[in-house]
Every structure is written in structure tokens, then in C-alpha cells.
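Notes to accompany the following structure.
There are 4 protein chains.
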Amino acid sequence: MSSISKIINDPVYGYITINDPLIFDVFSHPYVQRLRRIHQMAFAELVYPGAVHSRLHHALGAYHLMGIALADLRNKGIEISRDEEQGAKLAILLHDIGHGPYSHALESILVENVSHEDLSIAIINNLNDQFNQKLSLALDIFTGKYHKHFLYQLISGQLDVDRMDYLSRDSFFTGVSEGVIGYDRILKMLTVKDGKLMAESKAIYSIEKFLVARRLMYWQVYLHKTVLSAERMLVSIMQRARELHALGVAISARSEPLDFFIKSRETNTIVGDKLELFCEMDDYDVMSAIKKWVNEKDIVLSTLCRMLVERRLLKVQFSPEKPTDFTIETLKQRVSGKLGISVEEARYLVFSGQAVNTTYNPMDERINILFKDGAVKDISQVDNALIHQTLASPVKKFYICFMALP
Amino acid sequence: MSSISKIINDPVYGYITINDPLIFDVFSHPYVQRLRRIHQMAFAELVYPGAVHSRLHHALGAYHLMGIALADLRNKGIEISRDEEQGAKLAILLHDIGHGPYSHALESILVENVSHEDLSIAIINNLNDQFNQKLSLALDIFTGKYHKHFLYQLISGQLDVDRMDYLSRDSFFTGVSEGVIGYDRILKMLTVKDGKLMAESKAIYSIEKFLVARRLMYWQVYLHKTVLSAERMLVSIMQRARELHALGVAISARSEPLDFFIKSRETNTIVGDKLELFCEMDDYDVMSAIKKWVNEKDIVLSTLCRMLVERRLLKVQFSPEKPTDFTIETLKQRVSGKLGISVEEARYLVFSGQAVNTTYNPMDERINILFKDGAVKDISQVDNALIHQTLASPVKKFYICFMALP
Amino acid sequence: MSSISKIINDPVYGYITINDPLIFDVFSHPYVQRLRRIHQMAFAELVYPGAVHSRLHHALGAYHLMGIALADLRNKGIEISRDEEQGAKLAILLHDIGHGPYSHALESILVENVSHEDLSIAIINNLNDQFNQKLSLALDIFTGKYHKHFLYQLISGQLDVDRMDYLSRDSFFTGVSEGVIGYDRILKMLTVKDGKLMAESKAIYSIEKFLVARRLMYWQVYLHKTVLSAERMLVSIMQRARELHALGVAISARSEPLDFFIKSRETNTIVGDKLELFCEMDDYDVMSAIKKWVNEKDIVLSTLCRMLVERRLLKVQFSPEKPTDFTIETLKQRVSGKLGISVEEARYLVFSGQAVNTTYNPMDERINILFKDGAVKDISQVDNALIHQTLASPVKKFYICFMALP
Amino acid sequence: MSSISKIINDPVYGYITINDPLIFDVFSHPYVQRLRRIHQMAFAELVYPGAVHSRLHHALGAYHLMGIALADLRNKGIEISRDEEQGAKLAILLHDIGHGPYSHALESILVENVSHEDLSIAIINNLNDQFNQKLSLALDIFTGKYHKHFLYQLISGQLDVDRMDYLSRDSFFTGVSEGVIGYDRILKMLTVKDGKLMAESKAIYSIEKFLVARRLMYWQVYLHKTVLSAERMLVSIMQRARELHALGVAISARSEPLDFFIKSRETNTIVGDKLELFCEMDDYDVMSAIKKWVNEKDIVLSTLCRMLVERRLLKVQFSPEKPTDFTIETLKQRVSGKLGISVEEARYLVFSGQAVNTTYNPMDERINILFKDGAVKDISQVDNALIHQTLASPVKKFYICFMALP
């Protein structure tokens with residue numbers, strides 16, 4: 440068997456090594472390389488200019504942490520075979536393969552009602568065929584079917600390497616040092632009991648900090664007003680383009696695949712050719728369309744596109760209460776008058792929404808703490824818990840997004 | 440007036456500048472330079488080998504943050520005169536001048552019942568005389584008498600630059616990256632309203648993280664079993680030496696000032712010559728005595744000293760309940776039998792205690808959050824507060840410290 | 440006058456502040472914001488996945504260093520007026536405004552024979568009109584006409600803030616820690632004598648390290664084989680597209696401005712409308728065209744485009760000697776046979792070139808060292824100089840770039 | 440066999456693991472733990488307040504790098520047995536065990552004419568007996584007798600892990616970021632050919648930077664005027680104490696072992712009891728003596744001690760030429776008159792010396808570069824070498840050290 444050892448410089452972890460030929464071949468596949476051209480944080484770079492790292496970089500980072508986690512678990516006597524190691528590493532490398540352009544911002548918009556997880560499964564299935572079923576174990580782990588459930592939990596759980604990497608990486612590239620987490624310490628404290636992933640009690644304070652860092656990153660970075668505004672504008676743009684097409688207006692993105700997804704209203708599932716078409720899209724298709732539409736005749740579309748390209752964004756205001764219909768109607772009328780568009784059309788430039796984040800949801804997937812005496816407790820149940828009941832309920836903030844007029 | 444600009448390399452902040460001749464003269468005074476020879480974290484280096492930074496370094500760091508805080512406040516229109524700036528900077532530079540050898544570990548032990556704060560006031564008073572009353576304003580700020588109370592709060596309050604520096608510095612030198620706080624962001628968000636220091640509402644998540652980082656550093660670092668053990672052993676050693684002297688046993692530290700404080704039982708207050716003598720002591724006096732006493736005849740003293748020097752420490756066990764008298768008595772008897780000392784004497788090698796830490800105590804000094812509408816709320820009262828009522832009560836852990844026998 | 444204070448998170452320097460309304464308005468101009476969409480390091484991200492930072496980020500960073508440099512010089516008594524400060528800051532903010540898509544990689548290719556510096560001057564002139572001649576001083580400083588020559592040297596010289604930022608930033612984002620330079624120390628050591636920028640003798644070792652870091656970054660990063668290959672392929676693609684058009688083949692980039700520059704062969708100078716068109720282009724236009732051309736009929740073009748998109752690059756070999764015509768011809772014939780294209784067309788897939796870098800060229804712009812006794816020496820003339828004569832001559836490496844066939 | 444896994448937080452490398460019981464036992468031995476109380480950089484902390492790390496910390500760091508180096512070499516197919524790994528790790532852990540108080544500053548002074556290397560060998564021999572000859576292989580590797588010479592070269596050679604750690608660690612703790620080297624990259628590029636350690640040609644630029652970083656650290660940090668002055672004063676103090684004793688003056692250090700070495704003039708070799716006595720000394724013994732001697736009657740001794748304790752140091756001036764006897768004599772006379780001491784005695788307060796450093800000495804131990812074609816060249820012989828002939832000759836700077844009088 441051919442041997443391989445690729446070493447990749449990563450400013451976050453130092454060096455990342457790929458020394459399995461199958462993993463390297465999967466990594467080199469155009470579907471994966473496409474993730475180079477998708478921003479991990481969509482428009483966060485409009486506020487944090489350093490936040491331009493790619494989804495490929497995140498996938499690599501999570502893969503790296505998976506390697507550390509598996510090695511640490513093995514050192515504790517948890518049995519993990521070479522095949523399982525390969526499977527878990529492939530699964531995490533591919534965990535975000537179903538993301539389209541601008542990731543979460545356009546999720547379920549370009550391909551309506553289809554989550555990126557479902558797309559990931561479809562694409563991994565497709566790759567599994569291309570790679571002669573060598574990704575079957577990875578697929579089982581990814582979908583939670585494999586009997587060693589802790590491998591799934593490392594990919595998708597409260598303490599998964601996905602979150603550990605994106606928090607570490609996003610805080611690094613934004614320069615928000617407060618998002619820094621002790622990923623290395625948490626990894627060293629993970630263990631498996633009765634087939635389930637848990638953390639040793641020494642890790643409690645590190646996990647508290649991890650949850651608080653995540654809470655901070657949500658409200659301070661991911662849901663930053665400017666980021667929220669730009670990403671909502673992006674959605675407005677795509678929806679307006681779609682509507683124009685539905686109304687019979689000749690409209691064209693520069694890119695064929697994007698054109699297809701705007702016009703065909705592919706919903707619920709995509710397979711075969713469509714999947715391949717999906718895998719041709721990235722941020723470049725979307726941003727190129729937006730740059731083209733700056734000169735579109737439709738005022739709504741061209742206005743939104745020009746504003747986004749020139750970074751003159753809709754204004755966002757948060758409020759604990761849902762904004763009244765009256766407030767929204769008034770704002771729409773002003774915009775309608777100013778731009779010479781109908782009040783109905785103004786809904787693309789004036790709208791409200793809700794941002795939600797839960798610091799810790801024990802209903803969802805628990806963080807189990809293993810004590811020295813063998814007892815297992817949920818982190819919200821330990822003595823002097825920081826993570827208390829009230830943090831389990833989601834925090835909701837209403838917002839209104841509107842075009843500011845002089 | 441002579442001009443000056445001293446630039447000091449600091450691995451934590453980059454460069455620290457002193458460009459005020461008076462501040463530089465105070466910094467160069469032997470009383471301050473003495474802090475070079477006092478570890479900031481006493482025996483934490485027995486667990487975290489990098490934690491050997493000095494109290495002088497911390498004083499310099501806090502001085503640096505004070506400069507940033509004052510500049511940021513001035514930029515927001517808060518009036519701060521040049522004299523007030525100098526006073527506040529001198530006050531923070533001197534805020535720990537009253538610390539003796541091994542700082543907190545021996546506080547109120549070497550000079551019984553006198554806190555390091557009281558000693559600081561006494562020494563600043565003394566320096567004020569030496570510097571022709573040029574430190575009067577600094578003294579007023581330090582003691583809270585100055586009418587601009589926010590200057591005092593920057594030195595001693597929930598959001599003071601003292602805590603910001605020690606958390607940043609201690610996490611840097613220990614390598615516990617989880618103690619990292621966003622000091623620069625918090626400083627930028629500080630403001631003054633009605634003469635009181637408060638934080639803008641944007642800072643809420645950063646402050647939450649600051650409090651959680653402090654909580655983590657307490658339980659993970661400052662109260663680490665090994666650190667606790669070594670510091671309790673240090674106290675045992677000093678108390679045994681004092682007892683031996685009281686019993687008429689000829690015992691001598693290598694150092695004259697330390698000898699004096701062991702033998703004279705100076706209590707409650709120290710002035711004049713005694714203060715000068717106090718200012719001659721540092722970690723070197725204490726550790727040299729301990730190294731000498733390794734060969735002392737008294738078994739209790741020599742055993743403790745040898746164990747500390749060779750890093751073979753008493754064992755520590757935490758428990759939610761106070762250890763029973765029976766447990767302690769049993770352990771004492773074993774040690775007594777093993778070492779050939781009385782059960783009474785065994786109390787130096789077997790004892791219990793209590794570690795206490797409060798994550799946030801609103802009774803003490805509140806963290807006020809200023810909202811955009813002018814409202815002011817305590818941080819535990821804001822919506823979706825992480826810092827809830829239960830964190831306000833101190834967490835107590837009992838421990839037992841004892842000599843482990845084979 | 441309106442007051443402003445924008446604080447931008449930068450992972451390299453912490454926080455960058457813009458508090459001058461004119462500078463903020465210029466920063467917000469679409470021409471400048473466009474630099475968000477141009478990679479600082481073109482295709483370096485194919486090797487260093489973190490190297491995706493934008494040219495805007497570099498401009499901001501250099502602006503930040505300029506602020507520090509001017510403040511440090513002022514502290515040394517060098518007179519710099521508020522207007523000069525504003526001018527120098529604007530000049531550095533705009534120093535790379537003339538860069539088109541993929542920066543250096545396509546320089547003088549898209550707009551033949553026009554350097555990015557000339558384009559920068561043209562665009563700053565244009566902006567100066569838009570801003571009512573308020574950028575005149577900035578323009579004079581940028582073009583070296585202003586009498587305080589040291590301001591020009593800070594923008595473009597051996598020790599300019601441009602280089603200091605790009606070395607710092609590129610090493611940060613690539614994770615090549617060896618490129619780290621002591622920019623803060625060098626800045627603190629800069630001074631002005633007889634109107635010229637020079638460095639105090641204490642800075643000699645830091646400057647040596649700066650030159651060696653630059654040397655390392657050149658050969659290890661900027662001229663990395665993979666980077667070189669991708670960037671040469673990009674040039675081949677643009678030249679082939681241009682040739683196809685010249686041959687009468689209907690070819691179209693998705694983007695109108697890019698189409699214009701490919702087809703019109705604008706050379707030597709661009710003004711008016713053309714300049715505006717130029718300012719509409721960024722990396723998105725080029726990469727979108729390449730993605731489109733993957734399906735072009737022309738084999739040369741589609742092959743190159745598909746290879747670049749899928750990161751299957753031409754092979755590069757360095758050699759001290761120029762590759763022989765025979766070697767090149769042989770390779771071309773193999774490619775010609777394999778792809779079914781003419782040998783002549785194979786020149787897009789097989790070609791040679793030369794990479795050149797000079798560690799220190801004293802002919803160009805000297806680094807003057809100011810000694811305490813007032814003497815001034817070139818850094819290559821000081822005692823025990825590391826930077827000796829032989830480093831002054833450019834290092835040339837030949838390379839051959841070719842499509843590898845099984 | 441008992442299993443063990445100790446994880447130590449290191450701010451430089453993250454985590455350091457010891458999982459070999461023998462290595463842990465050696466690490467826990469009082470002779471090794473003593474290195475906790477010896478500063479790695481002696482008095483550098485008088486300039487760089489963070490430079491207070493211990494020699495134990497350096498030993499741990501070098502041990503960590505050895506582990507990485509051996510693993511990397513094994514991955515390349517170099518055969519290294521488990522015993523050889525243990526031996527090499529023990530050898531590097533103990534490589535500085537022969538250092539006494541204040542390391543290099545007092546080397547060959549306290550124990551005249553005995554280098555720390557010779558003392559290291561003596562102590563490792565002693566430990567080998569205590570550990571039942573289990574350190575024999577470590578000793579053979581350390582002394583260069585073991586046939587796999589590359590293991591010795593990793594401990595003591597141009598590219599040894601000792602230098603890599605101290606450069607990394609010293610630059611970290613001083614905050615002199617310019618001393619940062621790419622240790623991880625260099626380690627990855629090491630290989631063994633014909634039993635000799637060499638570096639792959641890709642590492643050339645990293646090694647150049649390593650040598651330049653070392654050059655910078657020497658002149659900027661290790662030979663910083665203030666550091667040089669403090670360390671020369673320390674030598675003066677010890678020599679004066681020794682002379683006073685020789686003259687029959689009753690003089691006593693607080694510490695018995697230090698007293699012994701001052702008074703007995705142990706030279707050339709130390710064994711048995713003397714070795715044990717040596718291993719009881721650390722910085723605390725020396726600094727305590729100095730603090731005591733502040734009040735000594737002898738003016739020379741008390742003056743030097745008070746100056747050092749209060750950080751009022753002798754002035755240092757560098758010069759390319761040896762200072763003339765006339766200059767020195769004049770300065771001595773002034774000091775003699777001022778302090779009321781003889782001109783002869785003034786030699787402790789006025790003296791000259793020479794600082795020497797060689798950037799790269801190919802005579803010493805070559806850095807061999809292995810090219811892809813199998814050729815091996817010395818780094819000073821490669822094309823476009825930065826490390827040229829003139830850097831091979833040592834740089835000498837004369838200095839004069841004297842008490843400044845008003």
C-alpha cells in the first residue's frame with residue numbers, strides 16, 4: 440500500500456497531518472476542494488475583516504481534533520480499531536460537505552427545505568459510490584447507525600470536535616480572543632462509559648467556559664447586527680430573484696448552477712445530476728450574481744445588491760418584544776415612497792425576525808460528567824453549577840431590519 | 440523638568456512604558472524593587488512550572504492597564520487631570536507593596552492579624568514622606584478618600600485593573616489558556632456615570648466570561664490540591680518555628696528580619712523601624728530558612744522543610760462535609776507513631792481547613808451595567824443573566840491535609 | 440466637526456481604530472471596500488489554507504502601523520502636523536488601491552504594461568476629485584513629491600509599514616511563524632535625520648531578522664512551487680482567453696468588466712470610464728469566469744480551468760540553469776499528443792520562467808543606521824554585518840512548469 | 440510494571456507528558472527538583488521582568504522536544520529502540536544538572552575551573568548509582584560514547600534540542616518575539632544519514648533564521664548591558680568574599696554549602712560529599728548571602744551587594760577597542776577616593792572584559808544539509824548562503840564596567 444504524509448500549516452493548531460491515502464484522496468476530491476471557496480462565516484468579515492477562513496479549513500481543523508480525541512481515548516484503554524479511526528476521520532472531514540454557498544446564511548433557501556445535514560448524507564452516499572463503498576463505515580458513523588455511539592457523539596454532540604474547532608477557529612480569525620476555549624484540556628478529559636461519551640469531573644470548569652464562550656460568540660459575533668443584516672439581505676436578494684423569475688421577468692445569475700437552483704425551486708430532496716450541479720456552486724457564483732444584479736432594472740434587486748456590494752447595509756434593531764405591524768408598515772411606506780416601489784415590494788427592505796440561541800439544552804443532548812466514584816451527572820446537576828436551569832431555555836431576541844432613510 | 444521614557448518588554452502586553460520621572464523614581468525605590476523577589480503565585484510553580492512571575496511584574500502590568508483605562512475614559516469625555524492620572528498610576532503601582540514573602544500564603548501569619556492592604560497603606564505613607572508628600576493624591580485614591588470614586592474602583596472593585604492583570608498574567612504564565620479574559624474589550628467598554636464606574640451593556644458577555652474565568656482559575660489553579668498543600672505546609676513551618684522559639688528552643692532563620700518577625704510576634708500594626716525591617720524580607724529569606732531547617736533537630740520542622748524542598752507534599756483531599764474529628768485523630772496517631780512525635784505535634788502534619796470562593800458577590804461591590812436608554816442594572820439582574828443568584832453565595836469546600844504513609 | 444471612533448478587531452494587532460471622519464469616508468468608499476474581495480496572497484491558500492486574508496485587511500494593518508510610527512516619531516521630537524498625519528495615513532490606506540483581481544499574479548496582465556502603482560496614482564487622483572481635493576497632500580506624499588521625504592519612505596522604502604504589515608500578516612495567516620518580525624521594536628527605533636528615515640543602531644539585529652524573514656517568506660511561501668504553479672496557470676488562462684478572442688472565437692467571461700479588459704487590450708494607461716470599470720473587478724469576476732470556462736470547447740482553456748478549480752496543478756521544477764529548449768519541446772510534444780492540441784498551443788501548459796528575489800539591494804533604497812555618535816552607515820557596512828555584499832545581488836532560480844502525464 | 444502519565448502545563452508548548460516511570464522518578468529526585476530554584480537566565484529579569492523561568496522548566500522543554508524529534512525520525516524509518524528513546528530523554532532531562540546557582544554567571548567561579556558539563560557528568564554518574572545503573576545508556580549518549588552519534592548530536596550540536604528550547608523559551612518569557620524560531624519545522628526536517636544528524640534542504644531558510652535569532656538573542660538579550668553588569672557584579676561579589684576569607688576576615692554566607700565553596704577553593708574536580716553539598720545549593724543560597732552582606736563592614740562587598748539588591752548597577756560601555764589602562768586607572772582612582780577604599784580594591788568596581796559570540800562556527804560542529812540528490816553540504820556552502828565565511832569568526836566586543844559617580 441502506498442504511504443503518504445501530507446503536512447499542512449495551520450495557524451490555529453500548528454501542523455495538520457494527513458497520512459492515510461484514502462483520506463487524502465477524499466480530501467483531494469473536487470466536492471471537498473469546493474469548500475475552499477465557501478466562507479466559514481459568510482458575511483462576518485464585514486465586521487471582522489480577518490474572518491475570511493474557508494469551510495475547508497474548518498473541516499481540516501475538526502479532522503485534526505478528531506485525531507487527537509481518538510488518540511487520547513485509546514490511551515485510556517477505549518478500544519478503537521484502525522478502520523473505526525479512518526471512518527471517524529472521514530466522517531468529520533465530510534461533515535459539512537452539504538453546505539452550499541454562504542453556508543448557513545442560504546441554508547434551506549437555495550434548496551428549499553433541505554438542511555445541510557441531509558445534503559451531506561446525500562453527497563457522502565454519492566462519494567461512497569465513487570470510492571467503491573470505502574466510505575460505508577464513515578457513513579454509518581455520520582448517520583449515527585454505528586454501534587459505537589461515542590464516535591457519532593464526537594461528530595455531533597454537545598462536546599463534538601465540530602464545535603471545538605469552529606469556536607477555536609472563528610475566535611482566532613475574528614480576533615475575538617474571548618471565544619478561546621481549552622479544547623486540548625477538554626479532549627484530554629473525555630472518556631467513554633457504557634458506550635457513551637462523557638467528561639471526567641476535572642473538566643467541569645473547562646466545559647462551563649466552553650459553553651460560556653459559545654454563548655458569547657453567538658451574541659457578539661454570529662448574531663452581530665451587521666452580520667445579521669448582511670445575511671438577511673442575502674436571503675432577500677435570492678428570494679427577490681426567485682420571485683422575479685416566477686413573475687416572468689427575465690433574470691439570470693451569471694452562473695448556470697445557481698440559475699438552475701433559483702429557477703427550478705428544487706425542494707425537499709436532490710439527487711443525481713442535481714446533486715452534481717449543487718456541488719459546482721460556491722460563494723463565487725452567488726457574489727458574481729449579486730455584482731451583476733447591481734445593474735438590474737428591478738429597483739428592489741439592484742438596490743439590495745448595490746448596498747451589499749458597497750457595504751451600506753440595512754439597519755438592525757433588537758428588541759425584547761416583537762415589533763408591531765404598525766412600526767413595520769410605517770417603515771415600509773417610507774421606503775416605498777423613497778424608492779418608488781410598492782409597499783408590498785418594500786418587504787424585501789423592511790422586515791422583522793427572531794434570533795434564538797440556547798446556552799445549554801439538556802433536552803437535546805446531555806453533557807455527562809463522570810465522577811471518580813463512578814457516578815454520572817448532567818453538568819446542570821453538579822454542585823454549584825454555573826449551567827443552571829434557566830440557561831436551558833432558549834434566549835430569543837426579536838429584531839427589525841430596515842433601510843435607513845435620511 | 441527632566442523627561443524620561445523607559446520601555447519594558449512584557450510578554451503579556453508587548454511593551455510597557457514609564458514616562459513620568461516621579462513614577463520612575465518610585466518604581467526604582469528598593470521597597471518596590473523588592474517585589475522582584477516575591478513570587479506572584481507563591482508555590483503554584485510546583486504544579487505550573489511557568490508560574491514564577493514576580494509581584495513586581497504584576498504591579499507593572501496593572502499599571503499598564505490603568506494607563507489604557509484612563510485613556511479610554513478620557514476619550515469618552517470623562518475628565519481626568521494629569522495629577523489624577525499620575526495619582527491613579529502610582530496607586531496601582533503600589534497597590535501590593537504591603538505583600539511580604541510568598542504573598543497571600545503567609546499573609547497575616549508573619550505579621551499576625553495585619554492584612555497586606557493595611558501594610559500597603561503604611562508603606563505608601565512612609566514613601567510619601569520620603570518623596571516629599573508627592574504621593575498624597577495616590578494615597579487618597581488608594582484609600583478611597585478621593586472624591587472621584589471611580590479611580591478607587593479601578594484599583595479595587597469588581598472590574599479593577601488588578602484582577603484584569605492577575606487573571607491575564609497568571610493564565611499566561613501557567614499556560615492555562617482558559618483563564619484568558621478580554622481585558623482590552625472590557626476596558627474599552629468601561630464608563631463613568633454619577634461618579635461611579637460601570638460597563639456599557641455591550642460588555643455583558645465579556646464580563647460574564649471574566650467572572651467565569653476567575654471561577655475557573657480559583658478552583659483549577661489557585662486552589663489546586665498541590666498548591667494548597669505546599670502553601671499550608673509553609674504556614675505549618677512558620678507556626679512550628681514560632682512555637683519552638685516560644686518553647687525556648689534555640690531556632691534561627693538565616694535572615695535577621697525573618698528572625699525578628701518569627702520571634703517578636705509583632706501584631707496588629709507595625710511602624711517605623713519594624714516597617715523597614717519588613718521591607719527587607721522577600722521569598723529568599725523564607726526559602727533560605729526552610730533550606731536551613733531541613734537539618735534542624737526538631738522532627739516536625741525538619742520533616743516539613745525537607746518535604747517542601749524536595750516537593751514531596753502532604754496529601755490533600757476535598758470533601759463536601761467537614762472531616763470528622765475521628766478521621767483526623769486517626770491520621771494524627773499514625774503520623775505520631777511513624778515519626779516518633781507526640782499526637783499533639785502531629786497537628787502540623789495532619790489538619791483540615793476550608794477553601795472558599797464566591798463567583799460573584801453583589802453584596803460586596805456591584806457590577807453596574809449601563810444601558811443605552813440610561814438605565815443601570817446589576818449584572819445579575821439583566822435579561823437571561825448567566826450570573827444568577829446562586830452564584831452569589833460562596834462555594835465552600837472542606838479539605839484535609841495529611842502526611843501519607845506507606 | 441463630527442466625531443467618530445470606529446474600532447475594528449484585528450487578530451494580528453488586536454484593535455485598529457479609525458477616528459478621523461475623512462479617513463472613515465475614504466475607507467467606506469466602494470473603491471476601497473472592493474479590496475475586501477481581493478485576496479492578499481492570491482493562490483497561496485492552495486498551500487496555506489489560512490492565507491485567505493484580503494487586501495483591505497492589509498491596507499488597514501499598514502494604516503495601523505503608520506499611526507504607531509508617526510506617534511513614535513513625534514515622541515522623539517520629529518515635527519509632524521495633523522494634516523501630515525492625515526495625509527500619510529490616507530496614503531498608506533490607499534497604497535494598494537490599484538491592485539486588480541489576484542493582485543500581483545495578474546498585474547500587468549489584465550491591464551497590459553500598467554503597474555499597480557500607476558493604477559493606484561490614477562485612482563487616488565480620481566478619489567481626490569470625488570473628495571473635493573482633500574486627498575491632495577496624501578497624493579503628494581504617495582508620489583514622493585512632498586518635501587518631508589521620510590513620510591514617503593514610510594510608505595515605500597526598505598523599512599516601510601507596507602512590508603512590515605504584509606510580513607506580519609502573511610506569516611500570521613499562513614501559520615509560518617518564522618516570518619514573524621519585530622515590527623513594534625523596529626518602529627520604536629525609527630528616527631529622522633536630515634529629513635531622511637533611519638534606524639537607531641540598537642535596531643540592527645531586528646532589521647537583520649526582518650530581512651532574513653523576508654528572504655524566508657519569499658522562497659518558502661511566495662515562491663512556493665504550488666503557489667507559483669497556480670499563479671502561472673492563472674496567467675495562462677487569461678492569455679489564452681485573450682488569444683481566443685483575438686482569433687475570433689466567441690468567448691465570454693461572466694463579468695462585463697473582465698470581458699472588457701480581456702478583449703480591449705487596454706494598455707499603458709487607463710482613465711475615466713475605464714478606470715471605473717477597472718474598479719468594479721475583483722477576484723469574484725476572475726474565478727467565476729474560470730469556473731464557467733471549465734466547460735469551454737477550447738481544450739487548452741477548459742483543461743487549465745478545470746485543473747485550477749480542482750486543484751490539480753501543473754508540476755513545477757526549479758533548476759539553477761535555464762531549462763533547455765529540447766526539454767521544453769519534448770514536454771510540449773507529449774502534452775500535445777495527449778490532449779490533441781497543437782504543439783504551439785501546448786505552450787500554455789508547458790513553459791519556463793525565472794523567479795527572482797533580492798535579500799537586500801543597497802542600490803535601490805538604503806537602510807541607514809544612525810549611531811550614537813551621529814555617524815550614519817548603510818546596514819551592509821556596519822561591523823560584523825550579516826547583510827553582506829553577496830546578498831545584494833538578486834537570487835535567480837529558473838523553473839519549468841508543465842502538465843504531468845501518467 | 441506500573442503505568443504513569445503526568446501531564447504538565449507549559450505556556451510554550453501546551454502540554455508536556457511524562458509517561459515513563461523511571462523518567463518520572465529521575466525527574467522527582469531532589470537533585471533535579473533543585474533546578475526549580477535556579478533561574479534559567481540569571482539576572483536577565485532585571486531588564487526583562489518575565490525572564491524568571493527556571494532551569495527545570497528548560498530541562499522539561501528540551502525533554503519534550505527530544506520526544507518530538509525522536510518520533511519524527513522514527514516516522515522517517517530511522518531505527519530507535521525504546522531503550523534508546525528512554526536514554527536520550529533521560530540524557531536531555533539531565534543535561535544541565537551540573538549547573539549551580541545563577542547558572543552560567545557563576546560557572547567556573549564557585550567551583551573553580553570546573554565546567555557545568557563536567558559537573559553534569561559527575562552528577563549523572565552519582566544518580567546512575569542511586570538508580571541501579573539504569574542511567575548507563577543515558578550517560579553513554581550524554582558523553583558521546585554511544586555508537587548512534589546522532590542521539591548525542593540531538594543533545595549537543597548545532598541543531599540540538601537544548602538550543603531550540605532555550606531560544607524558544609527565553610524569547611517567550613522575555614517577550615522578545617524576535618527570538619522565535621521555527622523549532623517544529625526544523626525538527627520535522629531533521630534526518631539521519633550515515634549515522635549523522637542532518638537537515639533536509641527544505642529546512643535551509645528555517646535554519647538560517649534559527650542562527651540569526653540566536654545571534655540576535657545573544658547581543659540583544661544575553662549580553663544586554665544591564666544583564667552583563669549584574670552578572671559581572673555577582674562575580675565580583677563572590678570573588679571579594681573569597682578574598683576576604685583568604686585575608687582572614689571573618690565572613691559568612693548564610694548558607695553552609697555556599698560557605699564551603701567560597702572558603703575551600705575546591706578546584707578541578709569534586710566528588711562524594713562535596714558533590715552532595717554542591718547539589719544543595721541554588722539561587723536562594725547566593726541571593727541570601729548577598730542580602731546579608733549588604734550590611735557587611737567591608738565597603739567593597741557591602742557596596743556591591745547593596746547596589747545589586749537595589750538594582751543600581753555598574754555602568755557598562757562597549758567599545759571595539761580594548762579600553763586603555765589609563766582609562767581604567769583613572770576610573771579606579773575616582774572610585775577609590777569616593778568610597779575610601781584602596782585603588783587596588785577598586786578593581787571590583789571598575790574592570791574591563793570581552794564579550795564573544797560566534798554566529799556559526801563550521802570548525803566546531805557543522806550543520807549538514809542533505810539534498811534530494813543525496814549530496815551533503817555544509818550550510819555555509821549552499822548556493823546564495825546567508826551564513827557566509829565572515830560569520831564563522833567570533834565577534835568580540837570589549838566592555839568596561841564601572842561605578843558611575845555623580
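Residue numbers (my numbering), protein chains in the order written: chain V, 440 to 845; chain F, 440 to 845; chain X, 440 to 845; chain S, 440 to 845. Here a beta-carbon is modelled for each residue, glycine too, at the ideal position from N, C-alpha and C.
In the DSSP assignment, V:T582 falls outside any beta strand (DSSP E), carrying neither H nor E. Spatial neighbours of V:S675 in its own chain (CB-CB distance under 6 Å, excluding positions within 5 residues in sequence) are listed in chain order as L743, Y787. Around the C-beta of F:F589, 16 or more other C-beta atoms lie within 10 Å, and the residue is accordingly described as buried. In the DSSP assignment, F:T456 forms a beta bridge with F:I446. In the pairwise beta carbon analysis, the stretch 768-786 of chain F is classified as not touching the stretch 446-465 of chain X: fewer than three pairs are separated by under 8 Å.
Residue pairing from DSSP places F:N796 in a beta bridge opposite F:V834. In the displayed model, S:T665 falls within a helix according to three-state DSSP. If you look at V:Q569, you'll find it in the alpha helix (DSSP H) that goes 555-569. Excluding five sequence positions before and after V:N565, the CB atoms of its chain that fall closer than 7 Å to its own CB belong to L714, given in chain order.
Apart from the 5 residues on each side of it in sequence, F:H663 sits with its Cβ closer than 7 Å to the Cβ of V486 in its chain, given in chain order. Using a 10 angstroms sphere on the CB of F:S645, the tally of other CB atoms reaches 16 or more, which defines it as buried. In this model, X:V834 and X:L650 are separated by some 14 Å (Cα to Cα).
Annotation for S:H555: D535, G537, H538, G539, S542, H543, E546 place their beta carbon closer than 8 Å to its own, counting only its chain and skipping 5 residues before and after.
DSSP, read as helix, strand or coil, puts F:D817 in strand.
The beta carbon of V:D822 sits closer than 9 Å to some beta carbon of chain F. Separation of F:N458 and F:L512 (C-alpha to C-alpha, rounded to the nearest whole angstrom) is 20 Å. For S:L636, the secondary structure class from DSSP, reduced to helix, strand or coil, is strand. Judged by their CB atoms, F:L593 and F:I625 are not nearer to each other than the 9 Å cut-off. Within chain X, K627 have C-beta atoms less than 9 Å from the C-beta of F:I446, given in sequence order. Rounded to whole angstroms, the Cβ separation of S:R608 and S:H478 is 12 Å, and the two are not in contact under 8 Å.
For F:E715, the closest Cβ of chain S is not nearer than 9 Å. With a threshold of 16 other beta carbon atoms within 10 Å, S:N734 falls short and is exposed. Closer than 9 Å to the CB of V:M726 there is at least one CB belonging to chain X. Taking the C-beta atoms as reference points, X:L509 is found no nearer than 9 Å to X:K632. Distance from the CA atom of V:G500 to the CA atom of V:L474, rounded to whole angstroms, is 13 Å.
DSSP links F:L629 through a beta bridge to F:A638. For X:S703, the closest Cβ of chain V is not nearer than 9 Å.
According to the DSSP secondary-structure assignment, S:N807 is paired through a beta bridge with S:D817. Counting only runs of at least 4 residues, the stretch 490-544 of chain V fully encloses the following alpha helix (DSSP H) elements, listed from N- to C-terminal order: 494-514, 521-532. One Cα belongs to X:L655, the other to F:G614, and the distance between them is close to 30 Å.
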